[in-house]
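> Just so we're aligned, residue 490 is where the sequence shown starts under the numbering used here, counting upward by one.
Backbone N, C-alpha and C define an ideal beta-carbon position, used for all residues, glycine too.
The structure follows.
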Amino acid sequence: MRHGHRMRGRRAARIGRTATAAALSCMLTLAGAGCGSSDDASRAASAAPAPTTSASAPTTDPAGSDAGHVGSDMLFNGPDHWDGAVDASCPAGKDVRIVIVRGTLEKAGDGSLNELARMIDEGVGGRAAIDDLDYPASWKAGSEARGVNMLVKTLNAQADACPGVKTALLGYSQGAMVVGDALSAPGARFNEDDGQRLSERALADIVAVELFGDPRFDGSADYGAGSYDVAVDGILGARGDDDLRALQGRLVSYCNADDFACQLGGRGDAHGLYRSNGTFDEASRYAVTRIRTALGG
Numbered sequence: 490m491r492h493g494h495r496m497r498g499r500r501a502a503r504i505g506r507t508a509t510a511a512a513l514s515c516m517l518t519l520a521g522a523g524c525g526s527s528d529d530a531s532r533a534a535s536a537a538p539a540p541t542t543s544a545s546a547p548t549t550d551p552a553g554s555d556a557g558h559v560g561s562d563m564l565f566n567g568p569d570h571w572d573g574a575v576d577a578s579c580p581a582g583k584d585v586r587i588v589i590v591r592g593t594l595e596k597a598g599d600g601s602l603n604e605l606a607r608m609i610d611e612g613v614g615g616r617a618a619i620d621d622l623d624y625p626a627s628w629k630a631g632s633e634a635r636g637v638n639m640l641v642k643t644l645n646a647q648a649d650a651c652p653g654v655k656t657a658l659l660g661y662s663q664g665a666m667v668v669g670d671a672l673s674a675p676g677a678r679f680n681e682d683d684g685q686r687l688s689e690r691a692l693a694d695i696v697a698v699e700l701f702g703d704p705r706f707d708g709s710a711d712y713g714a715g716s717y718d719v720a721v722d723g724i725l726g727a728r729g730d731d732d733l734r735a736l737q738g739r740l741v742s743y744c745n746a747d748d749f750a751c752q753l754g755g756r757g758d759a760h761g762l763y764r765s766n767g768t769f770d771e772a773s774r775y776a777v778t779r780i781r782t783a784l785g786g
């Protein structure tokens with residue numbers, strides 16, 4: 490069953506799978522960033538950006554600065570291979586771990602989803618530990634793929650070390666893309682990464698996944714929620730129909746009408762409204778229900 494509300498009828502041709510240079514130059518920033526309206530050139534059709542590999546990596550300047558995030562740099566995309574250590578510690582006295590994957594340029598511990606995580610923890614009686622994935626969340630090429638590498642390795646390690654501890658995943662903007670890609674098979678991800686899969690144990694421990702403003706949003710998917718147009722996909726094209734099938738019943742992807750990240754050709758201000766338009770209240774109720782059910786009340 491689909492959650493939330495839908496707007497307008499399905500268009501004859503789904504336009505969400507196309508992207509333009511103008512759309513790509515819009516930054517997936519925090520709340521209120523301006524971006525082209527539906528009346529401008531962002532509605533023009535051109536080829537959707539192809540998944541990036543080592544051979545097709547976007548360029549960055551020699552200093553590795555964030556200045557080249559628009560246009561040809563394709564924002565935060567590009568390959569990444571990472572062999573760093575992850576935190577496999579178990580949360581003392583907690584039954585569930587809420588993992589936040591923040592949006593571009595948000596600070597760990599102070600992103601928009603931290604408020605939602607606190608709401609969920611309160612709803613489950615303080616039984617949750619709240620962790621932020623310490624990935625770059627930057628405009629630099631490879632940021633998203635690094636997040637995927639880190640999240641998969643972290644969830645696998647924690648599932649092995651902490652049997653019985655459940656997991657809830659929250660992702661916003663670039664972070665939503667990280668979560669969705671990490672939960673997908675390596676071949677279905679947008680960027681080249683280490684190619685590790687989520688283990689069966691880690692997958693079984695996940696009780697709730699909530700995405701907000703996913704650049705790979707699929708307007709036709711049955712796990713969507715919000716006021717979006719079902720005929721329009723995310724700015725980077727929709728995920729495959731079966732990419733997140735294993736999370737059926739545990740996943741909700743929220744998308745506001747005209748949010749340019751999850752609705753190609755939309756506006757920047759709509760991307761920052763999830764905290765203020767009641768979405769967090771709905772998301773908190775969903776996660777609390779899922780967690781309480783998994784923990785037996």
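1. Please state the DSSP three-state secondary structure of lysine 655.
2. So, using beta-carbon positions, are asparagine 638 and alanine 691 closer together than 8 Å?
3. Is tyrosine 775 helix, strand or coil when you go by DSSP?
4. What are the partner residues of arginine 756, as DSSP defines its beta bridges?
5. Determine the direct distance from the alpha carbon of leucine 659 to that of alanine 776, and round the result to whole angstroms.
6. On the DSSP bridge list, what partners appear for serine 742?
7. Among all the DSSP beta bridges, which residues are the ones paired with tyrosine 661?
8. Does DSSP classify proline 551 as helix, strand or coil?
9. State yes or no: is the C-beta of alanine 665 within less than 8 Å of the C-beta of phenylalanine 701?
10. If we ignore side chains and look at the alpha-carbon of each, how far apart do cysteine 744 and glycine 755 end up?
11. Count the other CB atoms, across all protein chains shown, that sit within 10 Å of the CB of lysine 642; report buried if there are 16 or more and exposed otherwise.
12. When the Cα atoms are used, what is the spatial distance from alanine 581 to threonine 782?
13. Please classify valine 613: does DSSP put it in a helix, a strand, or coil?
14. Check whether the segment 676 to 685 touches the segment 747 to 761, counting contact only when three or more Cβ pairs, one atom from each stretch, lie closer than 8 Å.
Taking the definition as stated:
1. The three-state secondary structure of lysine 655, taken from DSSP, is strand.
2. Between asparagine 638 and alanine 691, the C-beta spacing is not below 8 Å.
3. helix
4. Asp748
5. 10 Å
6. Answer by DSSP bridge pairing, in chain order: Leu700 and Gly713.
7. Phe701
8. Reliability fails at proline 551, whose pLDDT of 32 lies under 50, so the model's placement of it is uncertain and the value that follows must be treated cautiously. The DSSP-derived three-state label of proline 551 is coil.
9. yes
10. Rounded to whole angstroms, cysteine 744 to glycine 755 spans 11 Å at the Cα level.
11. buried
12. 21 Å
13. coil
14. no
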